[in-house]
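Here the structure is laid out as structure tokens; the discussion comes afterwards.
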């Protein structure tokens, strides 16, 4: 056997050193923010500088932390009431937005008739705000708000049973009445908690600032449910349960504020 063959055989029998797999890249300094920075720069904003893109995360952090100036004192002072109002308003706009579409796609109404339902709800809302405002002076503003919110939630859950033009008109009128009552009474309950008349404006401003998020997010959430499921039932259940839970939370806030008295 030649020396070349021996060297070849010995090299074949020599155990090869196992190479370890390459280590995954470590996270850049800044964690998730740095990852988003690189992602934005490589996809959505390739022509922008890193310093300009960094404003996205900086503004997110600013708004996230600075909102505590308003939300912190507000939740410490009026947390249950604001949460209850948030859940209630989260639900009340769903029928106002989607009743015409429901009437067209499910009941077969034409565009003009379905749009008339909005006018019917507004007429009911007008009556609800006037009548329950006067009634609240006798039974209490919190009691009126809890009652109107709870009935609105029940009506939204009953919306699933609406299967004719006549029942759709009745639903629109009743829901408009009680939802209008709830929307009309909640500013009065906010004003009741102010210790002095000269701070009612600041109380209202902080409350409406938080509740604006309910108006911003409620109908997009239920709209996504309608699109994903291909029907309205999931959105109806979500909105109805949200209004009922909101009424319960407002009732808890009422007891905390006024105790176990009949009129509050």
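In full-length UniProt numbering, the protein residues as written are 1 to 264. For every residue, glycine included, the Cβ atom is placed at its ideal position computed from N, Cα and C.
**Asked** Does the separation of the CB atoms of residue 177 and residue 128 fall below 8 Å?
**Response** In this structure, residue 177 sits near residue 128, with a CB-CB distance shorter than 8 Å.
**Asked** Going by Cα to Cα distance, which pick from 180, 46, 236 and 197 is closest to residue 125?
**Response** Taking the Cα of residue 125 as reference, the smallest distance to any Cα among 180, 46, 236 and 197 is reached at 180.
**Asked** Taking residue 96 as the reference, which of 130, 171, 207 and 184 has the closest Cα?
**Response** Here the closest residue by C-alpha is 171.
**Prompt:** Are there 16 or more other CB atoms within 10 angstroms of the CB of residue 213, so buried, or fewer, so exposed?
**Reply:** The residue is exposed, with fewer than 16 neighbouring Cβ atoms inside 10 Å.
**Request:** For residue 100, count neighbouring Cβ atoms within 10 angstroms of its own Cβ and tell me buried if that reaches 16, exposed if not.
**Result:** Classification of residue 100: buried, given that the 10 Å Cβ count is 16 or more.
**Member of 227, 158, 156 and 86 whose CA lies at the smallest distance from the CA of residue 186** = Its Cα nearest to that of residue 186, the residue 86 stands out among 227, 158, 156 and 86.
**Request:** State yes or no: is the beta carbon of residue 130 nearer than 8 Å to at least one beta carbon in chain B?
**Result:** This model lacks chain B altogether, as it is built from one protein chain only.
**Asked** Taking contact to mean at least 3 C-beta pairs separated by less than 8 Å, is the region 133 to 145 in contact with the region 246 to 262?
**Response** A contact between stretches requires three or more CB pairs, one per stretch, nearer than 8 Å, and the region 133 to 145 meets this requirement with the region 246 to 262.
**Asked** Taking the C-alpha atoms as reference points, what is the distance between residue 265 and residue 223?
**Response** The displayed coordinates of the chain run from 1 to 264. Any statement about residue 265 would go beyond what the structure contains.
**Request:** Excluding the 5 residues preceding and the 5 following residue 173 in the sequence, name in chain order all residues of the same chain whose CB lies nearer than 7 Å to its CB.
**Result:** Closer than 7 Å at Cβ, skipping near neighbours: 120 and 124.
**Asked** Does the separation of the CB atoms of residue 263 and residue 84 fall below 8 Å?
**Response** Their beta carbons are not under 8 Å apart, which means residue 263 does not touch residue 84 by this criterion.
**Message:** Using only the alpha-carbon positions, how far apart do residue 133 and residue 42 sit?
**Reply:** Rounded to the nearest whole angstrom, the CA to CA distance from residue 133 to residue 42 is 57 Å.
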